[in-house]
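Take 1 as the starting number for the sequence shown in UniProt numbering and just add one per residue. From the three backbone atoms N, C-alpha and C, an ideal C-beta is built for every residue, glycine too.
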Amino acid sequence: MKWLILTILFLSSIVIADDKIEIELSSGEVILADTFKADGDTLYLYLPSERGFGKGHIPTAQQLAFDGNDVWALDLHTSYMVPKNRSSINEFSIDDLVELISLTQDQGFKQLFFVSSGRGAQLALKAAYQWQIKHPDDAYLKGHIFHSPHLIKGAPALGTEAEYVNVAKVSNLPIYMILTQYSTKYFRAKEILNTLKLGGSSVFVHRLKGVRGGFYMRNEEDLTKLDLKVKADLANIYIQAANLLSTVTPLSPKTLSKRKSTKSSLNFSEPMLKTYKGKQNIVLQLKDLNGNIVKLSDYKDKVILLNFWASWCKPCIKEIPSLVRLGDKLKQQDFEIITVNVGESAREISDFKKRVKFDLSILLDDEGKAVQDWGVYAYPSNFILDKNAIIRYTYRGALEWDSPAIIKTIEKLF
């Protein structure tokens, strides 16, 4: 009955067609959303990551609705006709989202929880902050549920400390942060937590050991047994998280300093190694696959390519053949490729090598210490050290390592 009455009242704003709605805003924009109805008091508002939505979230949303919770999943990329890429969330209107939040409240919901992941967390934080500024005495917004939130500003140079987006530093709503082991944020939990606490947020961290990043949005055929088990329980995790977040009384939001944004020019030149300007003399001491302790100092008088990778990282896998070819081409030189696997066990790597055959030195950073010591925020990340163990070049991302330009740069160090 509630939906029937509200459909009549807000017919000019919302047109409902089965489980899809169109939300017409005062700006003239029309936001598309998939809805999972329960006629309850609680709304879970899904905001997309920079990659948008697939269909992997649907079973969780259906279970939430079955348990008496309404879910709206906003298809912002289609609504704004924006391609799915890293910067896509910057194309969505925060003012539109603020108005949309008020419309959800007008429909009779008593509390709202944001659900998002990746860079979508920035979008949720911005929308929540602006809504609170306009409604300072309203406790409608109860908190955020984030999967591996990406709150870093830009792309930090390797070996440097990342800067976090300003809105993360003024967040005051409680946050439930779900981190999977096989993702880039797992070993950055403390860093992210401390940033979010600056604005007064209470942050709860839920670690999922052995689970792959993006499991909550992937289709079932792409998931492991453990991924499937956790995903089947995800609705319960959300409900428990919401119950926990509801117990927190947030502080008033801090003032966000306004800074003019600048857009960097695009560079379409061939990928090249970047000159390194970070700290030097970084210690590296890890076990290899046989349990032996290996130190960087064991490779005296050699040029070293230090590669941070993981088997769940597709760009990492893509560049392995070129790393092998690079090693073959420079095998007569004093050159060594050392790879550092992040967060996986020797058994997992051995199983991976049965599928992707390669012969490179592999060290195990199973606790993420080297990742933090070396200032690594994304995989693959690469460092080139000269014969004096001085870091000369870096590259963040996958490369064709045996390209003539790359080989020429490395050969200058011999």
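Where the alpha helix (DSSP H) through residue i begins and ends
| i | result |
| --- | --- |
| E24 | That residue, E24, is in no alpha helix (DSSP H); its beta strand (DSSP E) goes K20 to E24. |
| N194 | A189 to K197 |
| T104 | I94 to D106 |
| S350 | A346 to R355 |
| T180 | Taken as a continuous stretch (DSSP letters only), T180 belongs to no alpha helix (DSSP H), being part of the beta strand (DSSP E) at I175 to Y182. |
| D373 | K369 to D373 |
| F66 | I58 to F66 |
| L125 | G120 to K134 |
Of the listed residues the options, nearest to residue i (C-alpha basis)
| i | options | result |
| --- | --- | --- |
| K314 | Y182, A38, D41 and S88 | Y182 |
| K300 | F414, D137, F109 and L323 | F414 |
| S102 | T247, L76, I23 and V82 | I23 |
| residue 416 | N194, T78 and H206 | With the chain running from 1 to 414 in the structure shown, residue 416 is simply not present. |
| I145 | I410, P59, P174 and V170 | P174 |
| S93 | V342, K169, Q122 and F204 | Q122 |
| Q130 | V170, K295, I338 and G52 | V170 |
| R119 | E91, P149, F113 and K295 | P149 |
| V30 | E91, D96, A38 and R51 | D96 |
| L296 | T339, I237, E91 and K331 | T339 |
| Y46 | W309, A232 and V71 | V71 |
| T104 | Y395, F53 and Y140 | Y140 |
| P156 | N388, L399, Y276 and W312 | Y276 |
| residue 430 | F204, R51 and V324 | This structure cannot speak to residue 430, because the chain is shown only from 1 to 414. |
| L234 | I178, L306 and E50 | I178 |
| A189 | T160, V167 and I152 | I152 |
| L226 | V211, N292 and I239 | V211 |
| S201 | N90, A389, S252 and Q107 | S252 |
DSSP-derived helix/strand/coil call for residue i
| i | result |
| --- | --- |
| A73 | strand |
| D34 | strand |
| K209 | strand |
| Q332 | coil |
| F383 | strand |
| D233 | coil |
| L364 | strand |
| I407 | helix |
| K169 | helix |
| V342 | strand |
| V376 | coil |
| Y164 | strand |
| S88 | helix |
| S148 | strand |
| E400 | coil |
| I282 | coil |
| Y80 | helix |
| L158 | coil |
| W312 | coil |
| D137 | coil |
| A389 | coil |
| L228 | helix |
| K412 | coil |
| G327 | helix |
Cβ-based neighbour list, residue i, same chain, cut-off 7 Å, excluding 5 preceding and 5 following
| i | result |
| --- | --- |
| I282 | D373 and W374 |
| I320 | V356 and F358 |
| F66 | none |
| K209 | Q181 |
| G397 | P315 and P380 |
| F335 | K302 and V303 |
| M272 | A405 |
| H57 | Y46, A73, Y216 and M217 |
| V371 | F187, F308, V342 and D365 |
Residues bridged to residue i [DSSP beta-bridge criterion]
| i | result |
| --- | --- |
| F113 | Y44 and G143 |
| K274 | T394 |
| S49 | G52 |
| V203 | I175 |
| I337 | L305 |
Cβ-based neighbour list, residue i, same chain, cut-off 8 Å, excluding 5 preceding and 5 following
| i | result |
| --- | --- |
| L289 | A346, I349, S350, I362 and L364 |
| K20 | L32, A33, D34 and T35 |
| Q62 | F36 |
| D386 | V303, R392 and L413 |
| K134 | V98 |
| S79 | E29, V30, I31 and L32 |
Residue range of the unbroken beta strand (DSSP E) whose run includes residue i
| i | result |
| --- | --- |
| L303 | At residue 303 the sequence reads Val, which differs from the Leu that was named. Note, V303: beta strand (DSSP E), V303 to W309. |
| I293 | I293 to K295 |
| Q285 | Q285 to D288 |
Close-in-space but distant-in-sequence residues of the same chain around residue i (CB under 6 Å, 5 per side omitted)
| i | result |
| --- | --- |
| I410 | none |
| T42 | N69 and Q111 |
| A242 | F113 |
| G52 | H77 and K84 |
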